[in-house]
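One point on numbering: in full-length UniProt numbering, the residue at position 53 of the sequence shown is 53, and numbering is uninterrupted.
Ideal Cβ placement from N, Cα and C applies to all residues, glycine included.
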Amino acid sequence: MSTPPPTGPLVTRATLAAQLRELGVRSGETLLVHSSLSSLGWVCGGSVTAVQGLLDALGPDGTLVVPTQSGDLSDPAAWRNPLVPEEWWETIRSTMPVYDPRVTPTLGMGVIPETVRTWPGALRSAHPHSSFAAVGPRAEEVTAGHAADCSLGERSPLARLEELHARVLMLGAGWDTCTSFHLAEYRIPAPLVKLGRPGPAGWEVVTEVSITSDRFDELGHDFERDRPVVRGKVGAADARLFPVADAVAYAVRWLEIHRPRAEEM
Numbered sequence: 001m002s003t004p005p006p007t008g009p010l011v012t013r014a015t016l017a018a019q020l021r022e023l024g025v026r027s028g029e030t031l032l033v034h035s036s037l038s039s040l041g042w043v044c045g046g047s048v049t050a051v052q053g054l055l056d057a058l059g060p061d062g063t064l065v066v067p068t069q070s071g072d073l074s075d076p077a078a079w080r081n082p083l084v085p086e087e088w089w090e091t092i093r094s095t096m097p098v099y100d101p102r103v104t105p106t107l108g109m110g111v112i113p114e115t116v117r118t119w120p121g122a123l124r125s126a127h128p129h130s131s132f133a134a135v136g137p138r139a140e141e142v143t144a145g146h147a148a149d150c151s152l153g154e155r156s157p158l159a160r161l162e163e164l165h166a167r168v169l170m171l172g173a174g175w176d177t178c179t180s181f182h183l184a185e186y187r188i189p190a191p192l193v194k195l196g197r198p199g200p201a202g203w204e205v206v207t208e209v210s211i212t213s214d215r216f217d218e219l220g221h222d223f224e225r226d227r228p229v230v231r232g233k234v235g236a237a238d239a240r241l242f243p244v245a246d247a248v249a250y251a252v253r254w255l256e257i258h259r260p261r262a263e264e265m
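Pasting the structure below:
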């Protein structure tokens with residue numbers, strides 16, 4: 001049987017950069033990108049082309065930032081996909097590799113963030129679960145100082161992006177991936193949770209703010225209804241563009257109303 005032809009549109013480096021500029025991506029800005037390569041269409045050159053197009057649109061003075069999370073470096077007792085037998089847990093804890101920003105791969109982020117992670121000159125933040133990678137003049141400013149007990153809060157790249165007046169590009173990605181909303185969770189009463197992970201001195205347990213993407217689809221729907229969110233198409237992907245600061249401020253107010261406070265949970 002012959003293989004069916006690919007579905008379009010055909011996306012190249014040049015068309016991607018042009019459509020990003022048409023959407024409103026500005027040369028020289030700092031841009032946090034949440035992405036789905038498959039949503040774009042048939043990309044000639046795959047994720048490498050996608051990253052090249054993003055960097056072209058940002059220009060030499062712009063900085064590209066992506067989430068490069070690695071949630072598999074965690075306690076197997078909390079794993080659900082896949083579950084592992086309880087008798088394996090201690091062996092997994094004692095042999096799990098320690099996070100290394102140079103070699104630890106991303107998990108569940110898609111192929112574009114993994115490509116950025118390995119891009120020449122890319123820098124990556126230090127949090128074992130919730131790192132970000134960046135390419136460009138502000139990469140060090142964005143990624144430095146990511147505290148080991150602050151996944152997505154005030155001592156994370158998200159807060160630095162807010163300070164730098166960065167914007168978010170949702171490129172075929174859903175609102176459940178919008179990490180800016182998580183920064184808002186640190187600014188409202190929220191429960192704490194203990195998380196296990198491998199550390200330089202062996203298995204360690206840290207206390208973190210409990211975060212969840214629950215109801216982010218509703219939050220995103222209301223955010224783009226009430227705030228100026230640029231919408232358009234890049235390839236076949238639905239694209240959204242908005243400031244990090246707007247998303248965080250709106251999410252603080254929304255979550256205070258629509259989620260129970262920590263003392264009520």
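Anticipated Cβ contact below 8 Å, residue i with residue j, distance rounded
| i | j | result |
| --- | --- | --- |
| R225 | H258 | No, R225 and H258 are not in contact; Cβ-Cβ is about 14 Å, not under 8 Å. |
| F132 | P157 | 4 Å |
| A27 | G59 | According to the sequence shown, residue 27 is Ser rather than Ala. Indeed, because the Cβ distance is near 4 Å, the residues count as touching under 8 Å. |
| R160 | V135 | The pair is not a contact, with the Cβ atoms about 15 Å apart (cut-off 8 Å). |
| P76 | W88 | 7 Å |
| S47 | L32 | At roughly 17 Å, the Cβ-Cβ gap does not stay under 8 Å, so S47 and L32 are not in contact. |
| P105 | S130 | No, P105 and S130 are not in contact; Cβ-Cβ is about 15 Å, not under 8 Å. |
| L40 | G172 | 6 Å |
| D217 | W175 | 5 Å |
| F223 | V229 | 7 Å |
Nearest candidate by alpha-carbon position, reference residue i, set the options
| i | options | result |
| --- | --- | --- |
| V11 | S36, V252, V43 and L37 | V43 |
| K233 | T91, D56, G220 and M170 | M170 |
| S25 | L55, R13 and E208 | The residue you asked about is not Ser; residue 25 is Val in the sequence shown. With distances taken between Cα atoms, V25 lies closest to L55. |
| L64 | R253, L183 and S35 | S35 |
| E162 | A245, G121 and T49 | A245 |
| P200 | A57, Q69, E29 and L73 | L73 |
| A103 | E90, T95 and S125 | Sequence inspection shows Val at residue 103; the Ala mentioned does not correspond to that position. The option with the nearest alpha carbon to V103 is S125. |
| R138 | R117, G62 and W203 | G62 |
| V168 | W254, V116 and R240 | R240 |
| L23 | T207, V248, E256 and D238 | D238 |
| A247 | Y99, P198, A166 and G121 | A166 |
| P198 | I92, A50 and L219 | I92 |
| T68 | H127, G121 and T49 | H127 |
| residue 270 | W203, T95, V230 and T212 | One cannot answer for residue 270 here, as it falls past the ends of the chain, which runs 1 to 265. |
| L107 | G196, T95, A57 and V66 | V66 |
| V51 | P120, L219 and G202 | P120 |
| E90 | G196, E256, R227 and T207 | G196 |
| Y99 | L152, G202 and T207 | G202 |
Inter-residue Cα distance where the pair is residue i and residue j
| i | j | result |
| --- | --- | --- |
| P4 | P85 | 41 Å |
| R80 | Y250 | 31 Å |
| V193 | V209 | 6 Å |
| A236 | H221 | 20 Å |
| A78 | R21 | 42 Å |
| P113 | T177 | 13 Å |
| V252 | L183 | 9 Å |
| A147 | E154 | 9 Å |
| V205 | G145 | 20 Å |
| L123 | T30 | 14 Å |
| V116 | G110 | 11 Å |
| A262 | A190 | Its pLDDT being 44, under 50, A262 is placed unreliably by the model, and the measurement read from it follows with that caveat. Their Cα atoms are separated by approximately 5 Å. |
| T179 | F242 | 13 Å |
| T49 | R13 | 5 Å |
| P9 | R187 | 42 Å |
| T7 | E140 | 39 Å |
| L219 | D149 | 26 Å |
| Q19 | A57 | 9 Å |
| L152 | R227 | 23 Å |
| T118 | G45 | 16 Å |
| D207 | P101 | Rather than Asp, the amino acid found at residue 207 in this sequence is Thr. Approximately 21 Å, taken between the alpha carbons. |
| S94 | P82 | 19 Å |
| L164 | E256 | 25 Å |
Which residues DSSP lists as bridging residue i, in chain order
| i | result |
| --- | --- |
| A239 | L171 and G232 |
| residue 308 | The chain is shown from 1 up to 265; residue 308 falls before or after that span and cannot be answered. |
| L10 | W42 |
| T30 | T63 |
The ligand NAP heavy atom lying under 8 Å from the CB of residue i
| i | result |
| --- | --- |
| G235 | Among the components of this structure there are no ligands whatsoever, and the ligand NAP is therefore not found. |
Q.
Extract the residue ranges of the alpha helix (DSSP H) inside the region 58 to 146, only unbroken runs of 4 or more that lie entirely within it.
A. Runs of the alpha helix (DSSP H) inside the region 58 to 146: 89 to 95, 111 to 117 and 139 to 143.
**Q.** Residue ranges of each alpha helix (DSSP H) within the region 140 to 225, 4 or longer
**A.** 157 to 163 and 180 to 185
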